[in-house]
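Counting with my numbering, you get residues 22 to 338 for the letters of the sequence shown.
Working notes, structure below.
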Amino acid sequence: MVALYLVSVLALGAITAALILVLDPYDTGRFSLFAEVGVPNFGPRLTAASRAREREMDMAIIGNSTIQLIDPARLSAQSGGRVVSLTVPGTGPEEQLVIARYFLGRHGKSALRGLVFGIDGTWCSARLALFNPFPFWLYTESDLDYLDNMMRLASARAAIAKAKLLLGRGQAAPRNGYDDYERNRPWDADAARDRLNQTAVDAAVPDQDAAADNFPAAPLLAQFLGSLPSGVPVVLIIPPRYRDPAATPAAPAVARQRACAAAYRKVAHGRAKTAMLDFIEQKDVAGPDEFWDPIHYRAPVARRMEAAIAAALREGE
């Protein structure tokens, strides 16, 4: 009786595991028996693996929430490419480079027409660190690592959501990856102004007492860019931060930010067809009514940034 029970449990487990794999809830293309129908809207952290293999996309935006508001549809229209947003809030250089390599691996170097990287404060840190958990296993080339991590309760729940999507009862994540953090978020100018202060802006620059040339993510980016075809345009974006015209920024924060910008400007200068746009130095890019908080801007700022990014991509072609 016990043996029969164990066999039943093992059989049920095997069937469940097989269903999870063939349903391919995160739309990675591994072991799936179904035609591509997209991925349920689990959020960018879990949907980027699917969006990164959208075959018709030939340009990608890589970064976190500080560049999340850049609209891939608008950028596509202005640049002439087909742009997918692979921005994942709360990520840093290591995770973003994993996503970039995954995108490159799913499209091939010959199909790539451009990349945009958001170089925010996480890229200016004196140490590489994970700020939040990240599903590296979704982007791994190892099927064994993928299989090992898929066998969990969260994957079973995700498989149910994928089954609903297959049956036409669920909503897929946008194919271009756009996740508009302003959607359904009412604007409260007073509350926004309460969140804006120079101390918070300065705090967005990490490790202000670190050596001025200690930016370990910079050589990693240079190494990745060196793996790209020389004709592919790349744009490095330093996103804007709120600047209080009445306040005096902390000197260490200013020095560290300028040193960081110089480090990535050097990376850009070291490769042909690579531009850098520093929106922090563009002091007139935004006013206090155009920020939700010290590092997250509103749509009018994003629209101006998109025009500059598109121009840089076109110039690099």
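Don't be surprised by glycine CBs; every beta carbon is placed ideally from N, CA and C.
- In this structure Glu302 is exposed. Its beta-carbon is surrounded by fewer than 16 other beta-carbon atoms within 10 angstroms.
- Within the same chain, and ignoring the five residues on either side of Asp299 in sequence, the residues whose Cβ sits closer than 7 Å to its Cβ are Ile259 and Ala282.
- Between the beta-carbon of Val275 and that of Ala243 there is about 25 Å, and that puts the pair past the 8 Å contact cut.
- Here Gly59 carries a coil assignment [DSSP, helix/strand/coil].
- When secondary structure is reduced to three states using DSSP, Trp144 falls in the helix class.
- Of the residues assessed, Lys294 falls on the buried side of the cut-off, its CB having 16 or more other CB atoms within 10 angstroms.
- In the DSSP assignment, Gly247 falls within the unbroken alpha helix (DSSP H) covering Ala238 to Gly247.
- Residue pairing from DSSP places Phe138 in a beta bridge opposite Ile83 and Leu257.
- Between Gly135 and Ile120, the alpha-carbon positions lie close to 15 Å from each other.
- In the assembly as shown, Lys183 is a buried residue. Its beta-carbon has 16 or more other beta-carbons within 10 Å.
- Under DSSP, Tyr167 shares a beta bridge with no residue.
- Pairwise C-beta distances place the stretch 265–275 in contact with the stretch 229–243, as three or more of them are shorter than 8 Å.
- Taking 7 Å as the cut-off, the Cβ atoms of Ala73 and Leu107 count as close.
- The C-alpha of Glu75 is placed about 18 Å away from the C-alpha of Leu44.
- For the 7 Å CB-CB criterion, Tyr123 and Tyr167 do not form a contact.
- In this structure, Tyr263 lies away from Leu188, with their beta-carbon atoms at least 7 Å apart.
- When DSSP states are grouped into helix, strand and coil, Asp209 belongs to the coil group.
- Residue environment for Gln192: exposed (fewer than 16 other C-beta atoms within 10 angstroms of its C-beta).
- Shortest Cα-Cα distance from Pro114 to any of Leu249, Leu149 and Thr87 involves Leu149.
- Just so you know, the alpha carbons of Ile88 and Pro154 end up roughly 20 Å apart.
- When secondary structure is reduced to three states using DSSP, Ser251 falls in the coil class, being assigned neither helix nor strand.
- Straight-line spacing of the CA atoms in Leu151 and Ser97 works out to 31 Å.
- Between the beta-carbon of Asp79 and that of Arg103 there is about 5 Å, and that keeps the pair under the 8 Å contact cut.
- Contact check for Leu246 against Arg292 passes: the beta carbons are separated by less than 7 Å.
- The residues Arg66 and Leu67, in chain order, have a CB closer than 7 Å to that of Pro156 in the same chain once the five nearest residues on each side in sequence are set aside.
- Here Ala81 is near Val105, since their CB atoms are less than 7 Å apart.
- Judged by their CB atoms, Leu257 and Ser100 are not nearer to each other than the 7 Å cut-off.
- Relative to the Cα of Ala320, the nearest Cα in the group Arg214, Asp201 and Trp144 belongs to Asp201.
- Look at the stretch 90–136 and you find these whole runs of alpha helix (DSSP H), each 4 residues long or longer: 93–100 and 114–128.
- Taking Trp158 as the centre and dropping the five residues before and after it, the same chain places the C-beta of Asp166, Tyr167 and Asn170 closer than 7 Å to its C-beta, in chain order.
- Distance from Gly84 to Gln117 at the Cβ level is roughly 6 Å; contact confirmed, criterion being Cβ atoms closer than 8 Å.
- Taken through DSSP and simplified to helix, strand or coil, Leu188 comes out as coil.
- Here His290 is exposed, its C-beta having fewer than 16 other C-beta atoms within 10 Å.
- Judged by DSSP in its simplified three-state form, Asp265 adopts coil rather than helix or strand.
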